[in-house]
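One structure below.
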Amino acid sequence: MSESPKPPTHPENTTTPTIGTLSELELSNWEQLLAGVEQPESHFKTMTIATGTQRGADARLVVLRRVDKARKYVWFYTDSRAEKVLQLEACPMAALLFWDGEQQLQLRLSIETRLHTDDYIADEHWKKLAVSSRKAYLSGPVPGSEQPQPYPGFPEQFADKLPSAEESEAGRKNFAVIECRVLEMEYLHLSRSGQTRARFQYEPESRMVWLAP
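For what it's worth, numbering that gives the first Met the number 0 labels the leading residue of the sequence shown as 0, then goes sequentially.
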């Protein structure tokens with residue numbers, strides 16, 4: 000007689016952050032966002048951006064590219080032809096969601112976005128982008144367009160190799176930088192010993208408060 004299947008288990012949080020004061024917690028949050036850019040193993044390397052559409056809401060994962068903790072800005076990149084660009088042009092307000100399953104820690108950022116394509120800011124980010132990342136902007140078909148078969152997102156000749164630095168420049172016209180001004184940050188830590196939640200407001204005035212989970 001076979002054994003009954005065991006119910007799924009949920010990982011128990013064993014790393015409880017030291018909370019401290021609201022100011023200390025806010026600084027810790029921004030340090031973790033910086034780690035998302037600087038440390039490849041960080042859980043904050045990717046984030047979900049949620050945008051509004053005429054059909055309701057849309058969400059997708061993007062890579063965190065730069066953080067300015069003093070000015071309260073973060074940046075990510077996208078193909079300038081992507082649907083999310085049209086959505087952000089129509090409504091620049093959006094939300095970013097970060098989740099660290101190991102710490103059971105969530106950060107939610109309310110943002111106002113600004114698109115950069117043909118300016119010095121986009122040029123600056125493009126110059127620092129590795130050829131391996133530039134490869135994704137060489138796609139001929141528009142992101143989200145229907146294809147007769149699976150399409151990898153770059154020309155066939157680069158299936159098994161990287162483009163040269165010169166070849167990668169063809170992707171510059173499709174490259175966009177999304178600048179995100181953080182208006183508000185919400186912190187939530189889950190734990191069996193109790194949840195902790197706080198809000199850090201930056202606009203229109205600076206304010207920090209604890210919240211009920």
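Glycine included, C-beta positions come from ideal geometry on N, C-alpha and C.
Residue i burial status per 10 Å Cβ neighbour count (16 or more: buried)
i    : result
A93  : buried
P162 : buried
Q31  : buried
K126 : exposed
K186 : Rather than Lys, the amino acid found at residue 186 in this sequence is Tyr. Burial call: buried.
V176 : buried
W29  : buried
Q53  : exposed
Y136 : buried
S131 : exposed
G152 : exposed
Identity of the residue in the options nearest residue i by Cα
i    : options                   : result
A56  : R64, E25, V62 and T47     : T47
F75  : L210, H188, G143 and F174 : F174
L85  : E178, T50 and G139        : T50
E88  : L108, L189 and E178       : E178
G193 : Q103, H124 and F157       : Q103
S109 : W98, E202, E123 and V141  : E202
Extent of the continuous beta strand (DSSP E) to which residue i belongs
i    : result
E185 : F174 to H188
R198 : T195 to Q200
L104 : L104 to H115
D57  : G55 to V62
L210 : R206 to L210
Residue i vs residue j beta-carbon contact at 7 Å
i    : j    : result
S167 : R133 : yes
V62  : V73  : no
R107 : L114 : no
R180 : E111 : yes
Through-space distance from residue j to residue i, alpha-carbon basis
i    : j    : result
Q38  : K44  : 8 Å
L26  : R191 : 24 Å
L21  : E40  : 27 Å
R206 : R70  : 15 Å
L189 : L33  : 22 Å
A121 : S138 : 18 Å
H42  : A164 : 30 Å
E101 : T195 : 16 Å
Limits of the unbroken alpha helix (DSSP H) element including residue i
i    : result
A164 : A164 to S167
R133 : V130 to R133
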